[in-house]
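For the sequence shown, the UniProt record's numbering gives the first residue as 1, with consecutive numbering after it.
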Amino acid sequence: MSQENVATRAPRAGRRKKRLHRFSGIITRNPVLVGGLLLAPVVVASTSLKSAVALSITMAVVTIPTMAVASLVKTRLPLWLRIPMYTLIASLLLIPAGMLVVPIASTIFDSMGMYFSLMIFNSVLFTRAEKLAVKSSPGAALLDGACYSLGFALAISLIAAVRELLASNTLWGVPIHLPFKVSALALPFAGFLLVGMFAAIGRFFRELAARQAPKRRRHRLAAAPAQPAREEVAQ
């Protein structure tokens with residue numbers, strides 16, 4: 001393949017990588033399974049799929065708008081004022097979040113305990129607001145907040161579904177008849193074990209994909225049709 005063809009493909013690959021990086025909070029930089037953030041609600045409160053969905057909704061409602069406000073304020077305020085501002089906005093957003101969560105189950109707050117209110121202080125919000133939102137446009141901040149909220153939702157819902165199914169033989173409150181029951185999975189230590197197990201599985205597949213990437217790249221370059229070199233015709 002000519003050097004000209006390779007040179008034209010390099011910027012294109014860079015743009016594709018940049019686009020994929022915007023969605024990294026969902027899988028490759030999952031806040032729970034990769035970043036180790038928000039472990040308390042995941043290991044303690046995720047004993048049922050309803051609780052996981054409720055916390056996921058709360059996470060999205062609290063985080064995404066606050067990220068947008070952070071991108072508008074940027075660094076006009078000093079850091080010691082921005083952090084309380086994030087907390088105040090998140091506290092106000094907790095009210096509509098609670099209204100959205102109540103229809104899932106009337107007793108959902110009893111099962112979640114204090115972890116519903118603690119979503120105001122979630123580490124993803126403060127980390128991403130200062131790392132990206134204050135340096136980006138509102139659109140980029142909204143996308144980043146949505147991706148990290150979705151990543152949290154995927155992780156906690158997966159863990160909660162496994163715990164509810166095996167510990168209570170139910171899923172979304174619907175009885176599932178299994179020949180066994182592992183009641184210990186409802187305890188917090190089981191949440192830590194499941195987080196570690198899924199984090200290890202995710203890391204295995206990420207490393208496998210990283211090893212396969214150079215081979216796929218060479219295969220694409222070899223399979224691409226070579227463009228004829230341009231030759232100058234002597235007059």
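Beta carbons are placed, not taken as given, at the ideal position from N, Cα and C, and that holds for glycine.
Contact annotation, L142 with M67: C-beta distance approximately 7 Å; criterion of less than 8 Å satisfied. Leaving aside the five residues that flank Y115 on each side, the residues in its chain whose CB is nearer than 8 Å to its CB run, in chain order, A40, P41, V44, A45, L55. Straight through space, the alpha carbons of F121 and I104 are spaced by roughly 23 Å. Here the alpha carbon of T63 sits roughly 41 Å from the alpha carbon of P179. Taking a cut-off of 8 Å on C-beta distances, the segment 68 to 78 does not touch the segment 168 to 175, as fewer than three cross pairs fall below it.
Under the Cβ criterion (8 Å, minimum of three pairs), the segment 26 to 40 counts as touching the segment 196 to 203. As computed with DSSP, P175 is found in a beta bridge with T170. In this chain, the alpha helix (DSSP H) harbouring P96 covers 79 to 101. In the three-state reduction of the DSSP assignment, G139 falls in the helix class, which pools H, G and I. Each residue's CA atom was taken as its position, placing L37 and T127 some 10 Å apart.
Apart from sequence neighbours up to five positions away, the residues of its chain that approach G25 with a beta-carbon distance below 7 Å are P31, D144, C147, Y148, G151, ordered along the chain. M112 carries a helical assignment under DSSP once its states are collapsed to helix, strand and coil.
CA-CA distance, T58 to L93, rounds to 9 Å.
Inclusion of A160 and A60 in the CB contact set at 9 Å is not warranted, their separation being larger than that value. About 7 Å separates the beta carbons of E164 and T47, which is inside the 8 Å limit, making them a contact pair.
Cα atoms of K135 and I156: separation of roughly 29 Å, rounded to the nearest angstrom. In chain order, V62, T66, I120 place their CB closer than 6 Å to the CB of A90, counting only its own chain and leaving out the 5 sequence neighbours on each side.
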